[in-house]
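Okay, structure first, notes after.
In the UniProt record's numbering, the protein residues as written are 1 to 190.
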């Protein structure tokens, strides 16, 4: 019935999202958001809450409560805006030739991109804390060094402590007495 109504309105039919596919989840949420008025009219129909058994009635009541709730649209919009940020960043890494300096840049860009979403200050802080935690887990000296040496970035946006740590790592990579050799080797790489 829902698919038929969506087809009549020339809206895309919902496809259940795959567990590991951010894009499919985003497309599904976009479809639900576009079909909000159709869903509302379906659950508001007189016979919607009537069902053959208690289990079905409970499920329908849950759907009714969700769809008619005052926060459905805002939650869907938040979900799609968050997934859009994540999906846009993940798209870079679908290629096998993405340099690791891009990973560092991604972690610098994510907080700014989350600022542009419709999150509350509390939700925004949670997202930024998650990004910081993942940054600490994923990005080591090699990522910072790649970001510092990449001519597109040259360490732009790196905090002073991290930059100092990476520069120290770079100069002592093969020992204090080999600093000049390392710098020559790294400059030849680019």
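The beta carbon of each residue, even a glycine, is placed where N, CA and C say it ideally should be. If you're wondering where the values come from, they're calculated on a predicted model, not measured in any experiment.
Helix, strand or coil for residue 70, going by three-state DSSP, please let me know. If DSSP states are grouped into helix, strand and coil, residue 70 belongs with coil.
| field | Rounded Cβ spacing between residue 113 and residue 85 (contact assumed at less than 8 Å) | value | 5 Å
Q | Contained beta strand (DSSP E) runs [length at least 3] in the region 101 to 176, N- to C-terminal order | A | none
For residue 128 and residue 111, I'd like the C-alpha separation in whole angstroms.
Taking the straight line from one Cα to the other gives about 6 Å.
Fill in: Unbroken alpha helix (DSSP H) run spanning residue 94, endpoints
Segment: none, residue 94 is in no alpha helix (DSSP H) and carries neither H nor E.
Spatial neighbours of residue 32 in its chain, beta-carbon cut-off 8 Å, leaving aside the 5 residues before and after: 14, 39, 76
**Status (buried if at least 16 other CB within 10 Å, exposed otherwise) for residue 80** = buried
message: I need the straight-line Cα distance from residue 118 to residue 7, nearest angstrom please.
response: 30 Å
Classify residue 174: buried if its beta carbon has 16 or more other beta carbons within 10 angstroms, exposed otherwise. exposed
Among 72, 155, 60, which one has its Cα closest to the Cα of residue 107? By alpha-carbon distance to residue 107, the top candidate from 72, 155, 60 is 155.
Practice item. Would you check if the distance between the CB atom of residue 124 and the CB atom of residue 22 is smaller than 8 Å? Key: no
Quiz item: Where residue 25 and residue 61 are concerned, what is the direct C-alpha to C-alpha distance, given to the nearest angstrom?
Solution: 24 Å
- Message: Contact defined as beta carbons within less than 8 Å: I believe residue 105 pairs with residue 147. What is the distance between those atoms, to the nearest angstrom?
- Response: Contact flag correct, Cβ pair sits at about 7 Å.
Legend entry - Per-residue DSSP class, three states only, for residue 53: coil
What separation, rounded to the nearest whole angstrom, lies between the Cα atoms of residue 102 and residue 126? 23 Å
Q.
How far does the alpha helix (DSSP H) with residue 40 in it extend, from its first residue to its last?
A. 36 to 44
Item checked: Backbone secondary structure at residue 78 - three-state DSSP -> helix
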